[in-house]
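Novice: Mind having a look at this structure? Questions to follow.
4 protein chains.
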Amino acid sequence: MSLKIEGVFPPVPTPFDANGEIAPDKLKANIALWNKTGLNGYVVLGSNGEAVMLTEDEKIALWQAARDAIPRDKLFLVGAGMESTRASIALAKRAAQVGADAAMFVTPSYYKAEMKPATLVNHYRVIADASPLPTIIYNMPAATGIDVDANTVTQLAQHPNIIGIKDSGGNVAKYADLVRAVRPDFAVLAGSGGYLYPALCVGARGAVAALANVAPRECVAMYDAFRAGRHDEARALQLRFTQLNAAVTSRWNVPGLKAALEELNQGYYGGAPRLPLRPLGDEDRAALRKVMQDAQVI
Amino acid sequence: MSLKIEGVFPPVPTPFDANGEIAPDKLKANIALWNKTGLNGYVVLGSNGEAVMLTEDEKIALWQAARDAIPRDKLFLVGAGMESTRASIALAKRAAQVGADAAMFVTPSYYKAEMKPATLVNHYRVIADASPLPTIIYNMPAATGIDVDANTVTQLAQHPNIIGIKDSGGNVAKYADLVRAVRPDFAVLAGSGGYLYPALCVGARGAVAALANVAPRECVAMYDAFRAGRHDEARALQLRFTQLNAAVTSRWNVPGLKAALEELNQGYYGGAPRLPLRPLGDEDRAALRKVMQDAQVI
Amino acid sequence: MSLKIEGVFPPVPTPFDANGEIAPDKLKANIALWNKTGLNGYVVLGSNGEAVMLTEDEKIALWQAARDAIPRDKLFLVGAGMESTRASIALAKRAAQVGADAAMFVTPSYYKAEMKPATLVNHYRVIADASPLPTIIYNMPAATGIDVDANTVTQLAQHPNIIGIKDSGGNVAKYADLVRAVRPDFAVLAGSGGYLYPALCVGARGAVAALANVAPRECVAMYDAFRAGRHDEARALQLRFTQLNAAVTSRWNVPGLKAALEELNQGYYGGAPRLPLRPLGDEDRAALRKVMQDAQVI
Amino acid sequence: MSLKIEGVFPPVPTPFDANGEIAPDKLKANIALWNKTGLNGYVVLGSNGEAVMLTEDEKIALWQAARDAIPRDKLFLVGAGMESTRASIALAKRAAQVGADAAMFVTPSYYKAEMKPATLVNHYRVIADASPLPTIIYNMPAATGIDVDANTVTQLAQHPNIIGIKDSGGNVAKYADLVRAVRPDFAVLAGSGGYLYPALCVGARGAVAALANVAPRECVAMYDAFRAGRHDEARALQLRFTQLNAAVTSRWNVPGLKAALEELNQGYYGGAPRLPLRPLGDEDRAALRKVMQDAQVI
Chain A
35 MSLKIEGVFP
45 PVPTPFDANG
55 EIAPDKLKAN
65 IALWNKTGLN
75 GYVVLGSNGE
85 AVMLTEDEKI
95 ALWQAARDAI
105 PRDKLFLVGA
115 GMESTRASIA
125 LAKRAAQVGA
135 DAAMFVTPSY
145 YKAEMKPATL
155 VNHYRVIADA
165 SPLPTIIYNM
175 PAATGIDVDA
185 NTVTQLAQHP
195 NIIGIKDSGG
205 NVAKYADLVR
215 AVRPDFAVLA
225 GSGGYLYPAL
235 CVGARGAVAA
245 LANVAPRECV
255 AMYDAFRAGR
265 HDEARALQLR
275 FTQLNAAVTS
285 RWNVPGLKAA
295 LEELNQGYYG
305 GAPRLPLRPL
315 GDEDRAALRK
325 VMQDAQVI
Chain B
35 MSLKIEGVFP
45 PVPTPFDANG
55 EIAPDKLKAN
65 IALWNKTGLN
75 GYVVLGSNGE
85 AVMLTEDEKI
95 ALWQAARDAI
105 PRDKLFLVGA
115 GMESTRASIA
125 LAKRAAQVGA
135 DAAMFVTPSY
145 YKAEMKPATL
155 VNHYRVIADA
165 SPLPTIIYNM
175 PAATGIDVDA
185 NTVTQLAQHP
195 NIIGIKDSGG
205 NVAKYADLVR
215 AVRPDFAVLA
225 GSGGYLYPAL
235 CVGARGAVAA
245 LANVAPRECV
255 AMYDAFRAGR
265 HDEARALQLR
275 FTQLNAAVTS
285 RWNVPGLKAA
295 LEELNQGYYG
305 GAPRLPLRPL
315 GDEDRAALRK
325 VMQDAQVI
Chain C
35 MSLKIEGVFP
45 PVPTPFDANG
55 EIAPDKLKAN
65 IALWNKTGLN
75 GYVVLGSNGE
85 AVMLTEDEKI
95 ALWQAARDAI
105 PRDKLFLVGA
115 GMESTRASIA
125 LAKRAAQVGA
135 DAAMFVTPSY
145 YKAEMKPATL
155 VNHYRVIADA
165 SPLPTIIYNM
175 PAATGIDVDA
185 NTVTQLAQHP
195 NIIGIKDSGG
205 NVAKYADLVR
215 AVRPDFAVLA
225 GSGGYLYPAL
235 CVGARGAVAA
245 LANVAPRECV
255 AMYDAFRAGR
265 HDEARALQLR
275 FTQLNAAVTS
285 RWNVPGLKAA
295 LEELNQGYYG
305 GAPRLPLRPL
315 GDEDRAALRK
325 VMQDAQVI
Chain D
35 MSLKIEGVFP
45 PVPTPFDANG
55 EIAPDKLKAN
65 IALWNKTGLN
75 GYVVLGSNGE
85 AVMLTEDEKI
95 ALWQAARDAI
105 PRDKLFLVGA
115 GMESTRASIA
125 LAKRAAQVGA
135 DAAMFVTPSY
145 YKAEMKPATL
155 VNHYRVIADA
165 SPLPTIIYNM
175 PAATGIDVDA
185 NTVTQLAQHP
195 NIIGIKDSGG
205 NVAKYADLVR
215 AVRPDFAVLA
225 GSGGYLYPAL
235 CVGARGAVAA
245 LANVAPRECV
255 AMYDAFRAGR
265 HDEARALQLR
275 FTQLNAAVTS
285 RWNVPGLKAA
295 LEELNQGYYG
305 GAPRLPLRPL
315 GDEDRAALRK
325 VMQDAQVI
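Protein chains in written order, with the numbering used here: chain A, 35 to 332; chain B, 35 to 332; chain C, 35 to 332; chain D, 35 to 332.
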């Protein structure tokens with residue numbers, strides 16, 4: 035368990051070309067730009083990477099591109115969670131072959147009523163036993179309708195190959211409770227840039243945040259300010275980005291994130307999401323620009 | 035739009051062998067048994083078929099086995115819904131090649147907040163335009179967290195290649211409203227045996243019901259009694275099966291369904307579900323037997 | 035337990051005058067009109083009666099007016115549920131003094147997480163032990179966020195002074211399960227006109243339905259058609275009223291119900307609801323008229 | 035708008051005697067003890083005060099007792115929210131007569147579907163126009179099923195007589211967004227001790243926290259540590275109290291709070307809650323003691 039996960043990680047979007055096919059080169063180019071911003075690594079094929087829209091072959095191709103583009107001093111995290119335990123393990127093995135550093139597994143959710151704590155504990159333990167990569171729990175209630183409770187996480191944190199949780203529930207009180215309960219090297223990661231600073235305040239070790247795609251330097255600055263004890267600066271950054279964070283998450287989701295990358299005009303590729311997701315219309319696009327101006331990123 | 039969907043259809047479970055691999059021969063054998071019971075057809079790879087646990091190759095193999103086993107005078111329906119529109123279409127094309135009669139598409143649900151009516155309307159229209167098979171909407175709120183509203187369905191029912199809905203929401207008032215609003219040949223199908231009879235009373239044309247796997251003759255009898263105007267008989271059957279229906283749906287889900295098939299002792303293969311789903315423990319198994327005895331199926 | 039509750043009961047709205055004060059005379063006048071329609075009785079101060087908006091004195095005054103207006107051959111039911119058990123009992127005693135026939139008690143809901151089955155069972159038993167009036171459970175998930183499960187109701191149905199449930203959850207499968215499980219003289223009452231007919235089909239004994247305020251004769255006709263075995267007629271009426279039912283419940287709620295009474299132009303008093311509820315605006319009012327025309331009540 | 039709300043406020047429980055009657059003298063005695071702990075004031079008849087269980091006369095009697103016991107240099111806040119706007123205003127006027135400093139109004143919630151932003155904005159504006167006391171919005175989703183959004187609050191914060199919000203939603207990202215959007219003297223108050231410190235970090239001005247009843251000095255110490263920039267100390271206190279906070283809120287609610295006061299053995303009166311709430315059983319009581327020992331309050 036020597037892998038230490040700390041800092042700010044963007045869950046990068048997956049570029050599609052005009053025909054709707056994956057564009058691994060665009061992903062490489064995007065990462066090359068992000069590499070200059072101080073980010074601590076990347077999550078490739080999380081929720082913002084439209085993982086559920088992709089075939090297995092597409093996933094491998096995107097991971098290979100990412101591996102090429104990500105320097106070895108930055109972490110390369112992948113999303114490898116599937117509805118079945120065995121498919122999750124199989125995918126983690128593919129990710130290990132590609133050279134990823136760790137794998138996040140979103141909770142299965144189709145059979146919601148069956149996803150009781152004991153079932154989830156078993157699921158993650160079987161994965162952690164079999165996965166060649168360190169295992170990160172990925173709690174994403176807005177997508178799954180399931181909110182893994184603190185007791186379940188605390189039990190799982192005793193497994194030597196389960197090294198952290200990305201929790202997108204936004205329940206900072208729970209993060210505090212987790213930090214208190216788990217072993218010191220288990221990483222609690224905020225799942226959004228909307229509460230990055232307060233999560234750090236209660237002991238979170240960083241964040242996987244869509245916001246870090248469009249405001250990477252500022253997210254890193256927030257993290258650095260916190261680490262250096264400059265709380266007023268961290269708070270000011272947090273307040274400055276509440277609306278832009280919402281724009282690329284709850285308000286417009288992946289379509290908003292992709293549009294915001296384009297609006298930055300810094301060379302990032304955005305492009306359209308795959309259907310059923312649809313690109314932002316003109317009116318939303320204008321509203322997004324206003325939010326970006328208010329946040330002073332354009 | 036000549037395909038008429040009427041009657042009782044079990045969403046058949048997927049048999050796995052002792053190693054967790056799919057067992058298409060067991061599926062054939064099960065279907066051979068069900069063929070003798072008066073069912074009007076089958077849904078292969080719905081929620082009860084653990085579709086989300088399967089690779090594409092496994093799906094095709096199971097559909098091919100089903101095609102072999104299903105007589106041409108019974109309908110062969112498949113579950114082909116994926117999170118992306120294009121993957122749903124691709125899968126429907128594979129199902130058409132195998133020889134299925136129609137395809138059900140569960141609502142995408144990972145990007146829940148984005149699954150607004152207009153997005154779902156577009157999703158299903160694009161599918162229906164491209165799918166070589168007649169399209170059936172599949173509403174399954176317990177799994178997806180999304181409940182397609184009556185207006186959305188009514189709009190979609192105007193598309194010539196969208197021929198029905200399987201609605202597992204259990205909202206019988208909504209079924210009545212749909213029956214009122216859609217064209218006469220659009221099939222509203224109840225999604226559970228727990229409300230088969232009252233759904234028929236308001237104009238539903240049948241049901242896709244897990245219960246029909248373990249009580250096929252009785253479900254058919256309920257349907258026939260309704261059609262013949264023998265309401266007291268239909269009601270008595272409905273009341274007799276409330277608990278067994280719950281046992282193979284909300285109470286124990288797919289593991290309960292598979293265990294119940296075994297407990298029937300009529301030659302049906304049950305077997306274990308794929309992880310994270312787990313087989314029923316001894317205590318639950320005993321409780322299940324009690325429910326089956328009360329329902330007089332064992 | 036000789037009180038038998040069968041048939042159709044409107045939960046009558048509470049008339050307020052132009053100053054927002056209760057208008058018991060208007061209530062009397064409304065009831066006098068409804069008395070000519072074949073309804074089996076009334077619920078005074080249910081959800082549609084804005085009970086939560088009223089002081090205790092106002093409640094008594096309204097019940098006294100209702101008692102004057104309701105003939106002895108029709109049932110006079112009251113809503114007497116409060117957040118505390120003792121206040122519920124106290125109110126039921128007042129209702130008994132006024133001469134009500136039975137009292138409905140909506141589930142307490144403020145301390146939602148504490149409203150576990152055992153707590154609700156105790157609550158209703160203590161009420162039923164102390165109440166001079168027969169006790170009816172009132173399940174209203176849309177208002178309370180609590181859905182009393184079938185097991186809880188089945189336990190409570192063993193109490194000699196708990197004589198029925200008004201269930202507004204709309205889960206017809208649950209009604210079937212309740213009818214199966216409870217003693218024969220325990221009344222399961224549908225809580226809405228949107229599923230009156232299918233609820234009767236599975237054994238419900240009637241309904242407390244907002245729709246019965248604006249279409250009393252038609253609701254009674256639906257009930258009578260079912261009782262006489264004229265299922266096609268009952269179904270046709272059910273389908274005809276799906277939209278009007280929604281208009282006076284989920285779509286526009288109490289403001290819609292009051293506006294609809296006025297639009298009938300038959301002498302019923304509607305008036306404004308109490309704030310925070312607000313009267314329908316012009317656009318909604320026009321849409322309501324359209325719905326009423328479609329349902330052929332105006 | 036000179037009233038400034040800052041610091042830590044316990045929502046005090048309502049003492050009932052052995053007969054279930056209110057015990058205003060016990061409330062006075064409790065407040066006399068709390069007065070020595072550095073708390074900045076009190077909320078009398080919030081959710082923890084079982085306000086929904088009390089008659090209006092009982093409320094006045096309890097407020098009068100509280101007024102006697104609360105020194106003039108501490109704030110005396112009351113809960114005065116009712117389902118109807120007019121009853122809320124009437125109650126606020128009574129509270130003003132008693133001498134309260136400000137009134138909190140929980141969102142009406144019975145007609146949930148109608149509690150749209152515009153309806154809530156109107157409700158609070160009408161109250162704020164008429165209330166002789168400064169108005170505080172009280173957002174309590176766990177009780178009401180309604181979560182007032184940031185836009186609604188931001189609009190309301192423009193009213194000169196609406197001076198703050200107690201938000202028990204626990205969404206710290208939203209608190210940050212509110213702090214950014216509202217005028218500087220509008221107080222955002224955390225609604226629980228489980229996230230007091232991170233809420234302060236993003237600009238909240240204090241908390242109304244059940245935890246402050248049983249750990250008043252420690253809550254004040256957390257607040258003071260934050261204000262003095264001693265973040266490590268504040269964090270350590272926050273982590274120390276995650277479990278005790280849960281014990282007196284989500285885990286055991288008001289019964290847990292009352293039991294905890296008794297277990298402190300410092301002279302505080304706890305007593306039983308009113309039915310349907312029930313006192314903690316022996317097993318829960320033992321578990322509560324363990325939690326209190328772990329938090330080092332006993």
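No residue lacks a Cβ here, since even glycine has one placed at the ideal position from N, Cα and C. Because the structure is a prediction, the values reported are computed rather than measured.
1. Do the region 105–116 of chain B and the region 47–60 of chain B make contact, defined as three or more Cβ pairs closer than 8 Å?
2. State the DSSP-derived secondary structure class of Ala241(D), mapped to helix, strand or coil.
3. What does Pro44(D) reach in chain A if we use C-beta pairs closer than 7 Å?
4. Suppose you measure from the CA of Leu309(B) to the CA of Pro166(A); what does that come to, to the nearest Å?
5. Output, in chain order, the set of chain A residues within a Cβ distance shorter than 7 Å of Pro232(D).
6. Within 7 Å of any Cβ in chain D, is that where the Cβ of Ala210(A) sits?
7. If you drop the 5 nearest sequence neighbours on each side, which residues of the same chain put their C-beta closer than 6 Å to that of Ala99(C)?
8. Using a threshold of 7 Å, state whether the C-beta atoms of Val160(B) and Thr119(B) are closer than that.
9. What residues match up with Ala221(C) in a beta bridge as DSSP calls it?
10. Taking the runs of the alpha helix (DSSP H) that are 4 residues or longer, which of them lie wholly in the region 140–221 of chain D?
11. Can you find the residues in the same chain that come closer than 7 Å, C-beta to C-beta, to Phe275(A), ignoring five residues on each side of it along the sequence?
12. Would you list the one or two residues that DSSP bridges to Ile56(C)?
13. Quick one: grab the DSSP three-state call for Leu309(C).
14. To the nearest angstrom, how far is the alpha carbon of Leu271(A) from that of Met256(A)?
15. Using a Cβ-Cβ cut-off of 7 Å, state whether Gly133(D) counts as contacting chain C.
16. Nearest chain C C-beta to Tyr229(B) closer than 7 Å, yes or no?
17. Taking the CB atoms as reference points, tell me whether Leu67(A) and Tyr302(A) lie closer together than 7 Å.
18. Compute the beta-carbon to beta-carbon distance between Met326(C) and Ala294(C), rounded to the nearest angstrom, for a pair I have assumed lies under 8 Å.
19. Quick one: is Asn299(D) buried, meaning 16 or more other Cβ sit within 10 Å of its Cβ, or exposed?
20. Applying the 10 Å Cβ sphere with the 16-neighbour rule, what's the burial state of Ala320(B)?
21. Hey, out of Trp286(B), Ala221(B) and Val140(B), whose CA is closest to Tyr150(A)'s CA?
22. Can you pull the chain A residues whose beta carbon is under 7 Å from the beta carbon of Lys146(B), in chain order?
23. Any beta carbon of chain A sitting closer than 7 Å to that of Leu291(D)?
24. DSSP on Gly83(C), reduced to helix/strand/coil?
25. From Asp135(C) to Arg217(C), what distance separates their C-alpha atoms?
26. Is it true that the CB of Gly198(C) sits closer than 7 Å to the CB of Phe220(C)?
27. Given that Arg269(C) touches chain B, what residues does it touch there, using C-beta distances under 7 Å?
28. Considering just the uninterrupted stretch of the alpha helix (DSSP H) at Val236(A), what are its terminal residues?
29. What residues in the region 108–132 of chain D bring their beta carbon closer than 8 Å to a beta carbon of chain C?
30. What residues in its chain sit with their C-beta under 7 Å from that of Asp181(D), if we drop five residues either side in the sequence?
31. Considering only residues of the same chain and omitting the five flanking positions on each side of Gly133(B), which have a CB-CB separation below 6 Å?
32. For Gln343(A) and Glu90(A), I'd like the C-alpha separation in whole angstroms.
33. Mind checking if Leu295(A) is an interface residue toward chain D, Cβ cutoff 7 Å exclusive?
34. Using a cut-off of 8 Å between C-beta atoms, extract the partners of Gln272(C) located in chain B.
35. Cβ closer than 8 Å: which chain B residues qualify as neighbours of Val213(C)?
Specialist: In this structure, then:
1. no
2. Sequence index remark: in the fourth sequence, residue 241(D) carries index 207 (1-based). Three-state result, Ala241(D): strand.
3. Within the fourth sequence, residue 44(D) is the residue found at index 10, counting from 1. Correct list: empty, because the minimum Cβ distance to chain A is about 18 Å.
4. Translated into positions along the second sequence, residue 309(B) becomes position 275. Translated into positions along the first sequence, residue 166(A) becomes position 132. For Leu309(B) and Pro166(A), the distance between alpha carbons rounds to 19 Å.
5. For the purposes of this step, residue 232(D) is taken as the residue at position 198 of the fourth sequence. Here the neighbours are Val206, Pro232, Cys235 and Val236.
6. Stepping through the first sequence from its first residue, residue 210(A) is reached at position 176. Judged by the 7 Å Cβ criterion, Ala210(A) is in contact with chain D.
7. Taking the third sequence and counting its residues from 1, the one referred to as residue 99(C) is at position 65. Here the set comprises Pro58, Leu61 and Lys62.
8. Here residue 160(B) refers to the residue found at position 126 of the second sequence. Here residue 119(B) refers to the residue found at position 85 of the second sequence. Going by C-beta atoms, Val160(B) is nearer than 7 Å to Thr119(B).
9. Here residue 221(C) is taken as the residue at index 187 of the third sequence, counted from 1. According to DSSP, which records beta bridges pairwise, Ala221(C) is partnered with Gly198(C).
10. 151–164, 175–178, 184–190 and 206–215
11. The residue given as residue 275(A) occupies position 241 in the first sequence. Only Gly227, Leu245, Ala249, Glu252 and Ala329 meet the Cβ criterion.
12. The residue labelled residue 56(C) in the question sits at position 22 within the third sequence. Partner(s): Phe50(C).
13. Indexing the third sequence from 1 puts residue 309(C) at position 275. In the structure shown, Leu309(C) sits in coil (DSSP, three-state: anything other than H, G, I, E or B).
14. Taking the first residue of the first sequence as position 1, residue 271(A) is located at position 237. Taking the first residue of the first sequence as position 1, residue 256(A) is located at position 222. Taking the straight line from one Cα to the other gives about 6 Å.
15. Sequence index remark: in the fourth sequence, residue 133(D) carries index 99 (1-based). So, not an interface residue.
16. Locating residue 229(B) in the second sequence gives position 195, where the first residue counts as 1. Judged by the 7 Å Cβ criterion, Tyr229(B) is in contact with chain C.
17. Taking the first sequence and counting its residues from 1, one reaches residue 67(A) at position 33. Taking the first sequence and counting its residues from 1, one reaches residue 302(A) at position 268. Contact flag set, yes.
18. One-based indexing of the third sequence puts residue 326(C) at position 292. One-based indexing of the third sequence puts residue 294(C) at position 260. The Cβ separation is near 6 Å, so the contact holds.
19. Along the fourth sequence, one-based indexing puts residue 299(D) at 265. Label assigned to Asn299(D): exposed.
20. Counted from its first residue, the second sequence places residue 320(B) at position 286. Counting Cβ neighbours within 10 Å, Ala320(B) comes out exposed, since fewer than 16 surround it.
21. The residue labelled residue 150(A) in the question sits at position 116 within the first sequence. Sequence inspection shows Lys at residue 150(A); the Tyr mentioned does not correspond to that position. Nearest C-alpha to Lys150(A): Trp286(B).
22. What you label residue 146(B) is simply residue 112 of the second sequence in a count that begins at 1. The answer, in chain order, is Ala176 and Ala177.
23. Taking the first residue of the fourth sequence as position 1, residue 291(D) is located at position 257. It does not: the Cβ of Leu291(D) has no partner Cβ on chain A nearer than 7 Å.
24. Locating residue 83(C) in the third sequence gives position 49, counting from the first residue. Three-state result, Gly83(C): helix.
25. The residue you call residue 135(C) lines up with position 101 of the third sequence. The residue you call residue 217(C) lines up with position 183 of the third sequence. The straight-line gap from Cα to Cα measures roughly 21 Å.
26. Numbered from 1 along the third sequence, position 186 holds the residue referred to as residue 220(C). Numbered from 1 along the third sequence, position 164 holds the residue referred to as residue 198(C). It is a contact, given that the beta carbons lie within the stated cut-off.
27. Sequence index remark: in the third sequence, residue 269(C) carries index 235 (1-based). Simply Cys235, Val236 and Gly237.
28. Translated into the one-based positions of the first sequence, residue 236(A) becomes position 202. Premise fails: Val236(A) is in no alpha helix (DSSP H) and is neither H nor E.
29. Glu117, Ser118, Thr119, Arg120 and Ala121
30. Here residue 181(D) is taken as the residue at index 147 of the fourth sequence, counted from 1. The answer, listed in chain order, is Asn173, Pro175 and Gly203.
31. Here residue 133(B) refers to the residue found at position 99 of the second sequence. Closer than 6 Å at Cβ, skipping near neighbours: Arg101.
32. Since the first residue of chain A shown is 35 and the last is 332, residue 343(A) is not available in this structure.
33. Here residue 295(A) corresponds to residue number 261 of the first sequence, with the count starting at 1. Answer no: the Cβ-Cβ gap between Leu295(A) and chain D never drops below 7 Å.
34. Looking up residue 272(C) in the third sequence gives position 238. Under the 8 Å cutoff, chain B gives Ala210 and Val236.
35. One-based indexing of the third sequence puts residue 213(C) at position 179. In chain order: Leu273.
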